[in-house]
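Visitor:
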Ligand SMILES: NC(=O)c1ccc[n+]([C@@H]2O[C@H](COP(=O)([O-])OP(=O)(O)OC[C@H]3O[C@@H](n4cnc5c(N)ncnc54)[C@H](O)[C@@H]3O)[C@@H](O)[C@H]2O)c1
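Residue numbers (this note's numbering): 53 to 314.
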């Protein structure tokens, strides 16, 4: 008996096997969920197809295109999904992008376009995807949406710059969506993960230092793994979290509660 038996999950944001989305997907499959994936363009399609081929029952797993900056592609994605699945239970948004020049240097130098592009891909997309997913969630009698954030919102992480602003939008959006979609029994939460070495994180200056600090200073004195984030995602996707919505849950070995770090 898996915690997600009979549930169908669309997982967006797998780039390679180190992606947080891949940790979530493998935890979901372990718990019995049926999966579908997306890729944003031809450059990453091969990676996603190759990884999906390692999953159980991979012949039945839809792998669909969707660049989240395009409303047309979002509409096509959910049209395709509706022709294969009669309902959706879980939507995972594990997507982030900021132009690399906006992730270093001084915050006061962030450009208008850099800030807007970062918020478009990394935050507005959650709202656009949630809206498009509602008809399929309604057929399931409700659903669970989750996204990934980083604690550069409550605390200042110097190089995170435009991405920190996008995460502030994402966390607030989570609460607004939770209120808006709650009456349709759709829950919306986000997971605030500790630093992990992924493709997206490689663009952020100081990620290795942040991991060293976690090991030294986090209450649990260790770094997190993508599997541990996957297990928090299982909880949020499952009926065990049916009373949880609008929340930001930390999967960071307690790092967020540490004030003085010396
Ligand atoms: N790695 C960390 O330390 C860390 C910590 C906390 C939160 N996060 C967040 O986790 C999420 C996943 O990132 P990750 O670290 O697994 O890195 P990743 O590079 O593996 O994943 C980022 C994903 O975003 C996708 N993406 C980018 N632009 C897109 C677009 N226009 N349309 C569709 N998809 C697009 C990429 O294809 C990629 O799959 C991000 O929101 C990130 O900010 C990461």
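Built from N, CA and C at the ideal position, the CB exists for glycine as well.
Predicted model only: the values in this text are computed from it and were never measured.
Following a CB-centred definition, is residue 71 positioned closer than 7 Å to any heavy atom of ligand 1?
Guide: yes
Visitor: Answer yes if the segment 90 to 100 comes into contact with the segment 273 to 287, meaning at least three C-beta pairs across the two stretches below 8 Å, and no otherwise.
Guide: no
Visitor: So which of 179, 163, 124 and 125 has the shortest CA-CA distance to residue 143?
Guide: 179
Visitor: CA-CA distance, residue 233 and residue 239?
Guide: 7 Å
Visitor: Using the Cα positions of residue 231 and residue 298, report the straight-line distance between them to the nearest angstrom.
Guide: Going by the C-alpha atoms only, they are around 8 Å apart.
Visitor: For residue 169, collect the residues of the same chain with a Cβ closer than 7 Å to its Cβ; drop the 5 residues on either side in sequence, then sort them by chain order.
Guide: 151
Visitor: Would you say the beta carbon of residue 196 comes nearer than 7 Å to a heavy atom of ligand 1?
Guide: no
Visitor: Nearest to residue 64 by CA position, among 220, 197 and 283, is which residue?
Guide: 197
Visitor: Looking only at C-alpha atoms, which of 292, 306, 305 and 296 sits nearest to residue 55?
Guide: 292
Visitor: Please classify residue 171 as buried or exposed, where buried requires at least 16 neighbouring CB atoms within 10 angstroms.
Guide: buried
Visitor: With respect to 7 Å, is the separation between the Cβ of residue 173 and the closest non-hydrogen atom of ligand 1 below this value?
Guide: yes
Visitor: What whole-angstrom Cβ distance do residue 202 and residue 160 have, given they're in contact under 8 Å?
Guide: So it is not a contact: roughly 21 Å between Cβ atoms.
Visitor: Which of the three DSSP states is assigned to residue 244 in this structure?
Guide: strand
Visitor: Note the first and the last residue of the continuous beta strand (DSSP E) segment covering residue 300.
Guide: 300 to 303
Visitor: Taking the C-alpha atoms as reference points, what is the distance between residue 79 and residue 121?
Guide: 28 Å
Visitor: Is DSSP giving residue 201 helix, strand or coil here?
Guide: Three-state result, residue 201: strand.
Visitor: Following the continuous beta strand (DSSP E) through residue 142, name the residue where it begins and the one where it ends.
Guide: 142 to 145
Visitor: Check the C-beta distance from residue 116 over to residue 69 and give it rounded, since I have them as a contact under 8 Å.
Guide: Actually they do not touch by this definition, with Cβ atoms about 20 Å apart.
Visitor: I'd like the span of the beta strand (DSSP E) that includes residue 162, first residue to last.
Guide: Taken as a continuous stretch (DSSP letters only), residue 162 belongs to no beta strand (DSSP E), as it is neither H nor E.
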